[in-house]
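Below is one structure, written out as structure tokens; the observations come after it.
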Amino acid sequence: MTYVIVHALAPIFVIMLLGFYAGKAKMVDNKNVSLLNILVMDFALPAALFTATVQTPWSGIVGQAPLIVVLVLAMWIAYAAFYFLCTKVFRKSPQDAAVLTLTVALPNYAALGLPILGSVLGESSGTSLSVAVSIACGSVLMTPFCLLILEREKARESGGEQKSSLAMLPVLMWRSVTKPIVWGPLLGVVLSALGIRMPELLLSTIKPLGLSATASALFLTGLILSARRLQINKAVVVASLTKLLIQPLIAWGLVIALGLHGQIAVTAILMIALSAGFFGVVFGNRFGVASPDAEAVLLISSVLCILTLPLFISLTSGI
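Numbering (this note's numbering), first residue to last: 4 to 322.
Written out as structure tokens, the structure reads:
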């Protein structure tokens, strides 16, 4: 099993390393990555998420309701608790806290979901559906929290009229929803619910763009990291422990509370037990927010999940 996890993580480290090398070698300007950021956030990732959600049958999404409940609650609980810690205990700015918290709360479904689930449960249409649903949950029900905070602080810094967060909520929600990274997967879910099938020509046209999403995002992350120094502090340690141990245990508690068992229970726990995702770092860069702690958690959790994932795989074998 350790070999399977290493095999799944290897492409992540290699592509990030290539981006890191490109930045250090000055092959790419690692201090001005706005163009690559636009490619990733406005085109590649939205195309990949739209394709994944629109091709997921609505009946399949409804059938995955218990998985959705566990994933969403585990992500929301971790996000709320750790955002509180970031702002009240670690005294971080709302922008930095939003980026770090999204990195902690949103697992790396896109890169690790299918390899890990496939190795544990076997590759099947059900496994692929679970991964697609997980990606949809993260992109539609998690990323807007981070975007709302980043948009709110951006509006406040622009020098406009100071309003309460509640008063700004409708405008902020509209700004978030209009971003391709949100409306792409959301549109896919809506079309799936309506039973509208996309023409194969359209899907095959955007497929190459979607296939480049993960690689582009990882390369961009490595490029961003090349301009930083790895810093380990209390926030990074707590964040890493939260991602690798506490959040999966929250998912485990939810599974027990809901009386779930079998494949759906194993899937829910293992998907949450994945390492931190790269969305937080990429989002922050798009808004000009550098979070060294989020970057450190991304690297540390990707390495240490080689130890924690086998632990949770062993523990869930009897569920």
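Here a beta-carbon is modelled for each residue, glycine too, at the ideal position from N, C-alpha and C.
Exercise. Roughly how many whole angstroms lie between the Cα atoms of residue 41 and residue 238?
Worked result: In the sequence shown, the residue the question calls residue 41 occupies position 38. In the sequence shown, the residue the question calls residue 238 occupies position 235. Straight-line Cα distance between these residues: approximately 29 Å.
For this session: Please go through the same chain and pick out, in chain order, the residues whose beta-carbon is closer than 7 Å to the beta-carbon of residue 276, but skip the five residues on each side of it.
Result: Along the sequence shown, read from residue 1 onward, the residue named residue 276 stands at position 273. Closer than 7 Å at Cβ, skipping near neighbours: 251, 311, 312 and 315.
Exercise. What residue range is occupied by the uninterrupted alpha helix (DSSP H) comprising residue 45?
Worked result: In the sequence shown, residue 45 corresponds to position 42, counting from 1. Unbroken run through residue 45: none, as it is neither H nor E.
Problem set entry | residue 251 - DSSP class collapsed to helix/strand/coil | Position 248 of the sequence shown holds residue 251. Looking at residue 251 - three-state DSSP - the assignment turns out to be helix.
For this session: Can you have a look at residue 33 and say buried or exposed, based on whether 16 or more other CB atoms are within 10 angstroms of its CB?
Result: Taking the sequence shown and counting its residues from 1, the one referred to as residue 33 is at position 30. Residue 33 comes out buried.
For this session: In the DSSP assignment, find the unbroken alpha helix (DSSP H) run with residue 237 in it and report its ends.
Result: Translated into the one-based positions of the sequence shown, residue 237 becomes position 234. Note, residue 237: alpha helix (DSSP H), 237 to 244.
Exercise. Which whole-angstrom value describes the C-beta separation of residue 143 and residue 192, a residue pair presumed to lie in contact below a C-beta threshold of 8 Å?
Worked result: For the purposes of this step, residue 143 is identified with residue 140 of the sequence shown, where counting begins at 1. For the purposes of this step, residue 192 is identified with residue 189 of the sequence shown, where counting begins at 1. So it is a contact: roughly 6 Å between Cβ atoms.
Exercise. Beta-carbon separation of residue 323 and residue 101 under 8 Å?
Worked result: Lying outside 4 to 322, the shown extent of the chain, residue 323 is not represented and no answer is given.
Problem set entry | residue 260, DSSP secondary structure in three states | Taking the first residue of the sequence shown as position 1, residue 260 is located at position 257. The answer is helix: DSSP assigns residue 260 an H, G or I state.
Exercise. Is it right to say residue 320 is buried, meaning 16 or more other beta carbons lie within 10 angstroms of its own, or is it exposed?
Worked result: In the sequence shown, the residue the question calls residue 320 occupies position 317. With fewer than 16 other Cβ atoms within 10 Å, it is exposed.
Problem set entry | Assigned exposure category for residue 184 - 16 Cβ within 10 Å defines buried | Along the sequence shown, read from residue 1 onward, the residue named residue 184 stands at position 181. By the neighbour-count rule (16 or more Cβ atoms within 10 Å), residue 184 is buried.
Exercise. Between residue 159 and residue 293, what straight-line distance do the alpha-carbon atoms span, to the nearest angstrom?
Worked result: Taking the sequence shown and counting its residues from 1, one reaches residue 159 at position 156. Taking the sequence shown and counting its residues from 1, one reaches residue 293 at position 290. In a straight line, the C-alpha of residue 159 is about 18 Å away from that of residue 293.
Exercise. Could you give the C-beta distance for residue 213 and residue 54, rounded to a whole number, given that I count them as a contact under 8 Å?
Worked result: Counting from one through the sequence shown, the residue named residue 213 turns up at place 210. Counting from one through the sequence shown, the residue named residue 54 turns up at place 51. Contact holds; Cβ gap of about 5 Å.
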